[in-house]
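All remarks here apply to the structure that follows.
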Amino acid sequence: MFEKGEIDENYVRVERDELFKFIVNVMVKLGVNRRDAKIFADNLVTADLRGVESHGVQRLKRYVNGILSGGVNVKSKIRIVREGETYALLDGDRGLGQIIGFKAMKIAINKARDHGLGFVLVKNSNHYGIAGYYALIAAKEEMIGISMTNSRPLVAPTNSIDRFLGTNPIAFAAPTNSRPFLLDMATSIVPIGKLEVYRRKERKIPRGWAIDSNGNLTDNPEDVFNGGALLPLGGLGEILGGHKGYGLSLMIDIITGILSGGVWSRYVKNTEHRDSNVSHLFTAINIEAFMPLKDFKKRMDEMIAEIKKLRRHSKFNEIWIHGEKGFLTEETRLKIGIPIYRKVLCELNIIADQLRIDRLKVK
Ligand code: NDP
Numbered sequence: 004m005f006e007k008g009e010i011d012e013n014y015v016r017v018e019r020d021e022l023f024k025f026i027v028n029v030m031v032k033l034g035v036n037r038r039d040a041k042i043f044a045d046n047l048v049t050a051d052l053r054g055v056e057s058h059g060v061q062r063l064k065r066y067v068n069g070i071l072s073g074g075v076n077v078k079s080k081i082r083i084v085r086e087g088e089t090y091a092l093l094d095g096d097r098g099l100g101q102i103i104g105f106k107a108m109k110i111a112i113n114k115a116r117d118h119g120l121g122f123v124l125v126k127n128s129n130h131y132g133i134a135g136y137y138a139l140i141a142a143k144e145e146m147i148g149i150s151m152t153n154s155r156p157l158v159a160p161t162n163s164i165d166r167f168l169g170t171n172p173i174a175f176a177a178p179t180n181s182r183p184f185l186l187d188m189a190t191s192i193v194p195i196g197k198l199e200v201y202r203r204k205e206r207k208i209p210r211g212w213a214i215d216s217n218g219n220l221t222d223n224p225e226d227v228f229n230g231g232a233l234l235p236l237g238g239l240g241e242i243l244g245g246h247k248g249y250g251l252s253l254m255i256d257i258i259t260g261i262l263s264g265g266v267w268s269r270y271v272k273n274t275e276h277r278d279s280n281v282s283h284l285f286t287a288i289n290i291e292a293f294m295p296l297k298d299f300k301k302r303m304d305e306m307i308a309e310i311k312k313l314r315r316h317s318k319f320n321e322i323w324i325h326g327e328k329g330f331l332t333e334e335t336r337l338k339i340g341i342p343i344y345r346k347v348l349c350e351l352n353i354i355a356d357q358l359r360i361d362r363l364k365v366k
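Per this note's numbering, the sequence shown runs over residues 4 to 366.
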């Protein structure tokens, strides 16, 4: 059984349905309606099932704080600002990004079904979790799905030491005859959530991920939380292509923050703050508008099969396709449970006690 990550004795396991129920209960207690709470819970549980520990239930505390501080509007009413056959611009009314994102992607899919393409921008939203969740919704409907979002400033543009860019992720999913292809990535070397994981584990980070407030490469995650910055994909300077990660991140800000009429990453705030003003894009492409779906899937299968047959580098065990490790991890965790770091479990217990709901039942 394959599983991503290093799971040791500091983790406990919990059944998928138990974790889902717990998150739904938390959100309902905080005033979210049950249907929307289920959408939110599915997003976080999917991240944990797929091995994206940085964006699963370890982030619940932040969303709870966002609601309690008034930053997140649990009674938000999504408004269509502009709309055409293939596009829409939505105002998220400061709601939970996961719920707005799910609904926006559904709108994009419906437009793509009728007109070949759905391109839906959202402004005035909050942190939406893993970008891949939304791209996968389209792939499950046999379409190509693309999602991106801007996020609060944590990344220094190439040759700068100031935080300006978000870790602005992009996800792209496409159907095949087996599991979808799913590229889901931050445009920084790592998302800040990965540093939160290292911080909890009191571990050093690989040198090259980030700089301290003076611009020195650091292996101490605290340096980043204390005024340092993450580096764009490609790292410091231009030698390994840092300027390309920088450009990808700006591209995402231009499409999401600038084109939507929202703000670019520098002015995006954390979920705990009012008007965090996060902007997203959801795109669905109807494959049948271009070629028969069965031909597309056959071509995808052929390309993937060719990659799998390439000569493997002696240092590595496997040539992977994007999304594959996540799907295998999901299969494993549906059988043996989702690992939760003990310190995260303590935080979840505190939330449960404060809200007077049942604590999470571990295996
Ligand atoms: P990773 O570096 O873990 O993975 C990036 C992509 O590469 C995934 O599609 C992954 O697939 C794939 N992959 C991993 N190893 C290989 C390999 N050897 N060969 C081929 N493909 C591979 O992602 P990040 O740490 O950059 O991002 C983690 C999550 O954080 C994402 O879900 C992202 O959307 C989210 N995020 C959210 C932000 C927000 O503001 N909302 C901000 C930044 C990030 P697989 O899943 O199968 O491993």
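Just so you know, even glycine gets a beta-carbon here, dropped at the ideal spot from N, CA and C.
- Between residue 27 and residue 40, the C-beta gap is smaller than 7 Å, which places the two residues in contact.
- In the DSSP annotation of this structure, the continuous segment of the beta strand (DSSP E) that includes residue 344 starts and ends at 341–344.
- Counting C-beta atoms within 10 angstroms of its own C-beta, residue 80 has fewer than 16 neighbours from the protein chains shown and is therefore classed as exposed.
- Inclusion of residue 157 and residue 195 in the CB contact set at 7 Å is warranted, their separation being smaller than that value.
- Of the candidates 286, 107, 139, 226, the residue whose Cα lies closest to the Cα of residue 326 is 139.
- Per DSSP, residue 167 is not a residue of any alpha helix (DSSP H), being assigned neither H nor E.
- Linking residue 117 to residue 100 through their CA atoms gives a straight-line distance of about 26 Å.
- Judged by pairs of C-beta atoms under 8 Å, the region 161–171 does not touch the region 110–127, as fewer than three such pairs exist.
- In the three-state scheme derived from DSSP, where H, G and I count as helix and E and B as strand, residue 316 is classed as coil.
- The Cβ atoms of residue 179 and residue 294 do not sit closer than 7 Å to each other.
- The C-beta distance from residue 192 to residue 175 rounds to 19 Å, too long to fall under 8 Å, and the pair is not in contact.
- Straight through space, the alpha carbons of residue 299 and residue 202 are spaced by roughly 44 Å.
- In its chain, beyond the 5 residues on either side, 13 have a beta carbon closer than 6 Å to the beta carbon of residue 345.
- Between the ligand NDP and the CB of residue 283, the shortest heavy atom gap is not smaller than 6 Å.
- Taken from the Cβ of residue 218, every heavy atom of the ligand NDP lies 6 Å or farther away.
- The continuous alpha helix (DSSP H) containing residue 31 extends over residues 19–32.
- Ranked by Cα distance from residue 268, the options 102, 160, 34 are led by 160.
- In this structure, 190 is the residue among 190, 228, 288 with its C-alpha nearest to the C-alpha of residue 247.
- Taking a 10 Å sphere around the C-beta of residue 209, we find fewer than 16 other C-beta atoms and assign the residue as exposed.
- For residue 212, the shortest separation between its Cβ and any heavy atom of the ligand NDP does not lie below 6 Å.
- Taking 7 Å as the cut-off, the Cβ atoms of residue 336 and residue 52 count as close.
- Counting along the chain, residue 287 sits inside the beta strand (DSSP E) bounded by residues 281–288.
- Put simply, the backbone Cα of residue 277 is about 48 Å away from that of residue 308.
- Annotation for residue 189 indicates a beta carbon within 6 Å of some heavy atom of the ligand NDP.
- Inclusion of residue 327 in the 6 Å shell around the ligand NDP follows from its C-beta lying nearer than that to a non-hydrogen atom of the ligand.
- By the beta-carbon neighbour count (other beta carbons within 10 angstroms, threshold 16), residue 95 is buried.
- Within the model, the alpha-carbon separation for residue 271 versus residue 239 is close to 24 Å.
- Each residue's CA atom was taken as its position, placing residue 121 and residue 283 some 14 Å apart.
- Here the region 358–366 makes no contact with the region 209–218; the two share fewer than three CB pairs at distances below 8 Å.
- Within the model, the alpha-carbon separation for residue 20 versus residue 340 is close to 9 Å.
- Looking at the DSSP output, residue 148 bridges to 176, 287.
- Separation of residue 125 and residue 251 (C-alpha to C-alpha, rounded to the nearest whole angstrom) is 19 Å.
- Secondary structure within the region 213–256: the alpha helix (DSSP H) runs of 4 or more consecutive residues, fully enclosed, are 224–228, 245–256 (chain order).
- If you look at residue 121, you'll find it isn't in any alpha helix (DSSP H); it sits in the beta strand (DSSP E) that goes 120–128.
- For residue 200, same chain residues with a beta-carbon under 6 Å away, outside a window of 5 residues either side, are 56, 57 in chain order.
- If you look at residue 43, you'll find it in the alpha helix (DSSP H) that goes 37–52.
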